[in-house]
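In this note's numbering, the protein residues as written are 2 to 246.
Virtual Cβ for every residue (Gly too), placed ideally from N, Cα, C.
What follows is the structure, given as structure tokens:
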């Protein structure tokens, strides 16, 4: 295992401890102009998100109505909108293949299934990092550091297999002197591969594991410098509960 990854895992709570985790529940809200441009303003205000940390299964509630939720499973990929008692309202297999292209940031609408898939795949990966880097087929290796203002951040280049639903295969994760994630770069396939610089702030420890509680999704230029003036997506976490066996 890469030495930087080993240190990062320990700083976030430890891989052995993670192996005993059975579920994670987070209280969060997602905002920004991105959602209104898809036709779903305020869709992710005050969400309860529950996930399996070891396989890609995640539930958002409420979703589209107070008594409904979205459910993502992978292997095969399936997204469903269901009532709280489990009655399926709508479902779609291979939802990734349904997105409209070309993607126009300000005007391309998505249906409810597409919104749910994009968010579910993203947030499952956000909340399971860095431990997701140890799953079968994931490759993580240290690459050249990055200078951010007066700080030097070490970086992991991570390649995800097709078996993990994610924004795109090749991503970069940045860590400060305390080995906390400060940024991640990716280029979402379903939005036309824009150069995203996703910043993470206000790290807090919940039940022995560290999670960023404030995220701002920005765009960066060809040199990797982010536009700090505009965040089309925001993610704010108010609480996390980690269940263990």
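Query	Result
Which of helix, strand or coil does DSSP assign to residue 75?	coil
With distances taken from CA atoms, which of 144, 134 and 192 is nearest residue 164?	134
Report the three-state DSSP secondary structure of residue 4 (helix, strand or coil).	helix
So is residue 186 buried or exposed if we call it buried at 16+ other beta carbons inside 10 Å?	buried
Find the nearest neighbour of residue 34 within the set 139, 68 and 110, judged by alpha-carbon distance.	110
If I measure Cβ to Cβ from residue 180 and keep anything under 6 Å in the same chain, skipping five residues before and after, which residues do I get?	8, 9 and 12
Could you give the uninterrupted runs of the beta strand (DSSP E) lying entirely in the stretch 79-130, keeping only those of 3 residues or more?	79-84 and 89-94
Curious, which full-length beta strand (DSSP E) runs of at least 3 residues does the stretch 27-72 contain?	48-53 and 58-62
State the Cα-Cα distance for the pair residue 3 and residue 126, rounded to the nearest angstrom.	19 Å
First and last residue of the beta strand (DSSP E) that includes residue 136?	Note, residue 136: premise wrong, no beta strand (DSSP E); not H, not E.
DSSP on residue 164, reduced to helix/strand/coil?	coil
According to DSSP, is residue 191 helix, strand or coil?	helix
What span of residues does the alpha helix (DSSP H) with residue 17 cover, start to end?	16-19
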